[in-house]
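Residue numbers (the working numbering): 7 to 690. The C-beta atom is built at its ideal place from N, Cα and C for all residues, glycine as well. Note sheet for the following structure.
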Amino acid sequence: MVYKYTFGKPFETESVIDEPAEINRINCQQQDQNLAFGNVSINQNLLQNCNSSIPSLELSDFAFKYNYRLGDDDLIFGLGETTRGINKRGFLFKSWCSDDPSHTEDKTSLYGAHNFLIVYTPAGKTNPNPKAFALFFDYPGLLQIDCGYTSKNALTVSAPSADINIYIIEENHSFVLNAICKTFRKMIGKSYLPPFWAFGYQQSRWSYYTADEVRNVLKNYQKAGIPLDAIYLDIDYMQGYRDFTIDEKKFPNFAYFVQELKDQGVHPVPIIDAGVKADPEYSVDREGIEKGYFCKKEDGSVFTAGVWPGKSHFPDFLNDEARAWFGDYYNFLTKKGIDGFWNDMNEPALFYSEDGIKKVFAELKESLDDTNLDINSFFGLRDKVARLANNPKDYASFYHTVKNAAGETQKISHDKVHNMYGYMMTRSAAEALQRNLPDKEILLFSRASMIGMHRYSGIWTGDNCAWWEHLRLSLRQMPGLNMCGFLYCGSDIGGFGCNTSRELLLRWLAFAMWTPLMRNHTAAGTRAQECYAFEQVEDFRQIISLRYRLIPHIYSEFVYARQENELLFKPLCFEYPEDKIALQTEDQLMFGRSIMIAPVVEPNVRGRFVYLPEAMQMVFFSSSACGLESGLPQITEMEKGVHFVECEPNQVFFFIKKGHSVPLAMPAPCTAKLNCNDLTYIGK
Ligand code: MIG
C-alpha cells in the first residue's frame, strides 16, 4: 500500500514519475495530521513568515515536523549518500547537497540529498513477523532527519516550509525490506544504464595536464599489462576553466587525440563544472546573459559567485529553456569523439559570492590596524573568511525562473529548491545527449544528486580521503544509494585527498571490483596513485584482471537490478531477515542474486572474520595461476557461522550461495576485447 500525503503547495520535483494506480491520496490542510505511520505537526507561527529564507543550516525552527516513535529494536535503512553505518539509527542527517571534502562521521550531509528511509522492526516478542514501512519526503529544500539522535526513540523529520509531499510505503511480504525498495524504485523510474565500457577499470587524477601526460598513463598501463577503459580529464584541459573549451596548447588536435586513445580501447572522459566563467569574451557566458539563462538576484541582476574560473554565473537549470541551452553545449565535445562526462561542483559549490566577499573585505579593512586579537576577535576574523564558502545566506540570495503547474512563470529562491540543482544540471546534459545523439550510449555521472537524477546518470561519492575509514564508508554507502535508485556508483578508489598506500589501494580495488563505477582518482598534489606507481605491479594487474573476468556477471546483474528494480548491493538482513547477526553486519554485502562479499577493510591484517548466514561456497583467488588471471579459483564449502578467512592484499575471496554459479570470462586489456561468449562457470 502506498499513501501520499500532500501538505500546502509542494514544488514539483519529478522525483516520482509513476505513482501506483491504487495509491491513497490524502490532501492535508489541517494543522495536525495523523499519518499511516507517525504524525505531522505544522508550526502556524512560522508558516506566516516562512517566505523568509533559512538563516543557517541549524534548523531550530520548523514549519513542518514529522514524528514517529521508534521501537527499541527498530533499524533505519536508506538515506543514500550519507556518512556512518548501513543502519542509520542514532544520528541526525540534513538533506542539503554540500560541497564538503571532509567526510568525517560527524558530517550531517554530503553531496546528495536522498530523502528515502525505511523503518524496520525485526520479529520479536510482540510481533512474530518482521514489519517495515518506508518514507519518502518529496521536498527539494533543507530537510532535517533525526534518526533517534536527539531522543533515542524519536524519528523526527523537519523542514522550514510546510509545502511537502510524503509517500508512505507498506508491504506485506516475507522479504519486506526488498519488497518496499522495489515499490519505491518503480515509483521513481528506471535507473540509468551506462555503456558497457563504463564497467571497465578507469584511471583519473586532478589533473593530467597535457595530452602527453595522458598518453603516458596509457602507455604505462599497457606496459604493466593492466586493463583500462577510461582516462579522465579534470579541469585543466579547459581554457581557464571555461566549460566547453579546450586548451589547444596542452591538448593540440583534440579530436585526433580522442581517436588515438579510443583506437586503443580507452575513452577520455572530461569534467564539466556547473559555474560558467563570467567573461564577456566567452560565448557561453555572453549567450547566457543575453538570453537571461543565469540565476538572478532579487533585483533582477545576474548572481555572481567565485568558483574555479573566478567570478562565475550559474545556469538556471530549473528553467526548461536554460536547461536545453546548456545541455546542447555538450555537443562541442561529443563532436570531437567524447562519449563520457562527469559533472562537478553542481551543489552548486560557491567559494564566495560577489556580495559576500565585498562585505567581508569592507569589514576587514575597518579593522586593518588591529593586531591585538583575542579569542573572540581572532576566531571571528577566521570565521568571516571561512564562512564565505557555501554560505546559506548566499544560497538564499538568488532565484530560479520556473513554470508552475498552471504554466505561469514564477520566481523561486534557490534555497527552497537547492537540492535540485545538480539533478537538473545532469538532466540538462542527459536530455540534450539523448536529443542530439539518440543512438549513442554515453557515460554520465554527477557529484551532487537528488532522487530522480538516478534516471539520467550515476554518481561518484566525491572527495573522500586515502583512509581505511573511507574504504569502509564506501562499502556502507552502496546499499543506501541503490535503495534510492542510484545503481551506477563508485568511490574514488585509493582515496581522493591525502596520500594513499600500496596496501590501501590493493584492498580498495578488491572491494571496488564489485562497484559498477570502478575509478581510481586522486587530488592535485598527492603522490602518484596509478597502479603502476607501486611495487609488484602484478598484484594490481591480477585484481583488476579479475574484475574483467567478472564483468559479464556484474553487467548482467546490473541490467537485472535495473530492470526489476532490485538492489545490486544489499545489506545481509534483506536476504536473511530473521537472522540476528545479519541484522548487525556492517562490513559484508550481498551482491546481485548469488554472491556475498566480505572485503578486507583494515590495515596490516592477513584476513578477517566473516559471518555466513547460511552454508556457502567460498571462492578463493590466490595468484595468477590460481584464478586471478587465468585458471580457476579454489572453492571450499563452508558452514553457516563465523569463520576467519586468511587473505593477503594480493588475494581475493567471496562467497557464492549454494545452488548458484557465476560465470568467469578470460581477462582482456579493455572491455572491447572481452570475450563474453567464452565463459567458465564456478560454483554449483
Ligand atoms: O573543489 O576538479 O570532487 O573529483 O578532481 C575541487 C577538481 C573540484 C572536486 C571533485 C574532484 C575534482 C576536483 N573538484
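Secondary structure within the stretch 647-676: the beta strand (DSSP E) runs of 3 or more consecutive residues, fully enclosed, are 647-652, 658-663, 668-670 (chain order). As DSSP reads the structure, V616 sits in a beta bridge with H649. With fewer than 16 neighbouring CB atoms inside 10 Å of its own CB, Y566 falls in the exposed class. Annotation: M430 to A280 spans about 11 Å, alpha carbon to alpha carbon.
Two segments are said to touch when three or more pairs of C-beta atoms, one from each, lie closer than 8 Å; by this definition the stretch 475-487 does not touch the stretch 534-554.
The bridge partners DSSP lists for D38 are S47. In the DSSP annotation of this structure, the continuous segment of the alpha helix (DSSP H) that includes L267 starts and ends at 260-269. The C-beta distance from Y554 to P233 rounds to 5 Å, short enough to meet the 8 Å contact threshold. A distance below 8 Å separates the beta carbons of L618 and F661. Short of 7 Å from the beta carbon of T407, and not among the five residues preceding or following it, lie these beta carbons of its own chain, in chain order: D322, N325, T415, K417.
With respect to H109, N470 sits close: the two C-beta atoms are nearer than 8 Å. Considering only L493, S359, G96, G298, the residue with the shortest C-alpha distance to G195 is L493. By the 16-neighbour rule on beta-carbons within 10 angstroms, P286 is exposed. Here G130 has D79 as same chain residues with Cβ atoms under 7 Å from its own Cβ, once five neighbours each way along the sequence are excluded. Around the beta carbon of T506, a 10 Å sphere encloses 16 or more other beta carbons of the protein chains shown; the residue is thus reported as buried. Going by beta carbons, A472 and S213 fall outside the 8 Å limit. The residue among D240, A454, Y462, V282 with its C-alpha nearest the C-alpha of I448 is Y462.
If you draw a straight line from the Cα of A674 to the Cα of E219, it is about 24 Å long.
A straight-line Cα-Cα distance of about 20 Å links I82 and M193. The C-beta of N425 has 16 or more other C-beta atoms within 10 Å across all chains shown, which makes the residue buried. F626 is positioned such that its CB atom lies closer than 8 Å to that of Q640. With respect to the C-alpha of E652, the residue from L634, I688, A604, E645 having the closest C-alpha is A604.
The nearest non-hydrogen atom of the ligand MIG is less than 7 Å from the C-beta of H527. Cα atoms of W314 and F257: separation of roughly 20 Å, rounded to the nearest angstrom. Using a 10 angstroms sphere on the CB of E536, the tally of other CB atoms reaches 16 or more, which defines it as buried.
For the set P655, C682, A412, S629, the Cα lying nearest the Cα of S562 is the one of C682.
Per the C-alpha coordinates, the member of I278, L116, W348, F97 positioned closest to T251 is I278. In the three-state scheme derived from DSSP, where H, G and I count as helix and E and B as strand, H476 is classed as helix. Within the model, the alpha-carbon separation for K664 versus V182 is close to 23 Å.
Taking the Cβ atoms as the reference, Y74 lies roughly 3 Å from G44, within the contact range of under 8 Å. Straight across, the Cα-Cα distance linking I465 with S307 is about 33 Å. The alpha helix (DSSP H) runs of length 4 or more contained entirely in the stretch 371-401 are, from start to end of the chain, 381-392, 398-401. Judged by beta-carbon spacing, K342 lies beyond the 8 Å limit of E369, meaning their Cβ atoms are not closer than that value.
The C-beta of S180 has fewer than 16 other C-beta atoms within 10 Å across all chains shown, which makes the residue exposed.
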